[in-house]
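One structure below.
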Amino acid sequence: MLPGWSYVHNITDDRVGRVIVAWNVGFCSVIAKYIFKQHVLVEMSMLNGSKFLLPVVYGSNNYVERRELWCSLMEFQEQILPWVLAGDFNIIREESHSMGVLLPPAIAMREFNECLEGIGVVELSSHGCLFTWSCHTGEGCLRRM
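Quick note: to get my numbering, add 4 to the position in the sequence shown (first position is 1).
And the structure:
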């Protein structure tokens, strides 16, 4: 790790970790609140005294396993502090966010959208290229991340 930086992760002996949250200790302090298989929840305290929760997500490739993530995020919605949700959910919100033959199951997209609506977050507008990831399988698969 770089000098002046610290980190928290969800890597353990019995499973593969998927999330590392790193920060410059000169800009903020961080308390790891919860560490889960698909996300890490930290409380960020900025130098100006403001605080917020930061769930950092790396969702499972399996939509059934992602249901654990959705349930966990729903439990955090009643926290007093504001929060910023970041990460890779491994699912798209709608079919127009993908180009190619490999679309996720409709139920997976519906469950993702229900979770986002349930926790009251909104998607930030984006600028630039819509499709930012390619699976390089030769099948022409592009995804919005």
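Beta carbons are placed, not taken as given, at the ideal position from N, Cα and C, and that holds for glycine.
These numbers were taken from a predicted model, which means no experiment stands behind them.
Host alpha helix (DSSP H) of residue i (start-end)
{"i": "SER76", "result": "67-80"}
{"i": "ASN117", "result": "110-123"}
Beta-carbon separation (whole angstroms), residue i vs residue j, contact threshold 8 Å
{"i": "GLY122", "j": "GLN81", "result": "7 Å"}
{"i": "VAL61", "j": "VAL46", "result": "The Cβ separation is near 12 Å, so there is no contact."}
{"i": "GLY53", "j": "VAL29", "result": "Wrong, their Cβ atoms sit about 16 Å apart, outside the cutoff."}
{"i": "GLY63", "j": "ASN94", "result": "4 Å"}
{"i": "VAL25", "j": "TYR11", "result": "6 Å"}
{"i": "GLU99", "j": "LEU106", "result": "Not really, about 11 Å apart at Cβ, beyond 8 Å."}
{"i": "LEU6", "j": "CYS32", "result": "The Cβ separation is near 15 Å, so there is no contact."}
For residue i, three-class secondary structure by DSSP
{"i": "SER100", "result": "helix"}
{"i": "ILE24", "result": "strand"}
{"i": "GLY53", "result": "coil"}
{"i": "LEU45", "result": "strand"}
{"i": "LEU58", "result": "strand"}
{"i": "GLY91", "result": "strand"}
{"i": "VAL12", "result": "strand"}
Top-ranked residue by Cα proximity to residue i, from the options
{"i": "TRP74", "options": "ASN117, CYS133, ILE35", "result": "ASN117"}
{"i": "ASN66", "options": "LYS41, LEU57, LYS55", "result": "LYS41"}
{"i": "LEU58", "options": "SER130, SER102, VAL44, LEU51", "result": "VAL44"}
{"i": "CYS133", "options": "PRO108, ALA112, SER102", "result": "SER102"}
{"i": "LEU89", "options": "ARG114, ALA110, GLU99, MET48", "result": "MET48"}
{"i": "TRP87", "options": "GLY124, PHE31, LEU6, SER129", "result": "GLY124"}
{"i": "GLY83", "options": "VAL126, ARG97, PHE56, GLY104", "result": "The sequence as given places Gln at residue 83; Gly does not occur at that position. Here the closest residue by C-alpha is PHE56."}
{"i": "GLU79", "options": "MET113, PRO109, CYS119", "result": "CYS119"}
{"i": "ARG70", "options": "ILE96, LEU85, MET50", "result": "ILE96"}
{"i": "GLU72", "options": "GLU115, VAL23, GLY91", "result": "GLU115"}
{"i": "GLU127", "options": "GLY91, VAL23, ALA36", "result": "GLY91"}
Where the beta strand (DSSP E) through residue i begins and ends
{"i": "ILE84", "result": "Run containing ILE84: none; DSSP gives neither H nor E here."}
{"i": "CYS32", "result": "32-39"}
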